[in-house]
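Engineer: Residue numbers (full-length UniProt numbering): 1 to 105. Virtual Cβ for every residue (Gly too), placed ideally from N, Cα, C.
1. Just the C-alpha distance for residue 101 and residue 80, rounded to the nearest angstrom, thanks.
2. Between the C-alpha atoms of residue 10 and residue 24, what's the straight-line distance to the nearest angstrom?
3. Return helix, strand or coil for residue 72, following the three-state DSSP convention.
4. Below 8 Å, can you find three or more Cβ-Cβ pairs linking the segment 44–54 to the segment 69–85?
5. Is it true that the segment 86–103 meets the segment 56–75, where meeting means three or more beta-carbon pairs spaced less than 8 Å apart?
6. Could you round the C-beta distance between residue 20 and residue 3 to whole angstroms and report it? I think they count as a contact, below 8 Å.
7. Mapping the DSSP letters down to three states, classify residue 21 as helix, strand or coil.
8. Would you kindly work out how many angstroms separate the C-alpha atoms of residue 69 and residue 48, rounded to a whole number?
9. Hey, how far is the Cα of residue 13 from the Cα of residue 1?
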């Protein structure tokens, strides 16, 4: 059985005598999260999160973003929010902010 490191799953495998392998993807994710603890990266990601959050809670900002996207001939994409349980969502959020940087400014 391939699992993450959740205590309840580890115990269930142990109680039932199942062979358990740690998920490579999960271990890789944990390693990347550990590497992301650099304060410079944390600050940049934090700024992206605040920016995305401000647009997600304001219909006026969303409307202004759409107008700016049209004027600048940028793709009319909404900003993406990071979700800690979705691998790759941080990268997707940063890519989208960089794609829409001119419209956001």
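Structural biologist: Well, looking at it:
1. The straight-line gap separating the alpha-carbon atoms of residue 101 and residue 80 is approximately 13 Å.
2. Each residue's Cα considered, the two are about 15 Å apart.
3. coil
4. yes
5. yes
6. 6 Å
7. strand
8. 18 Å
9. 8 Å
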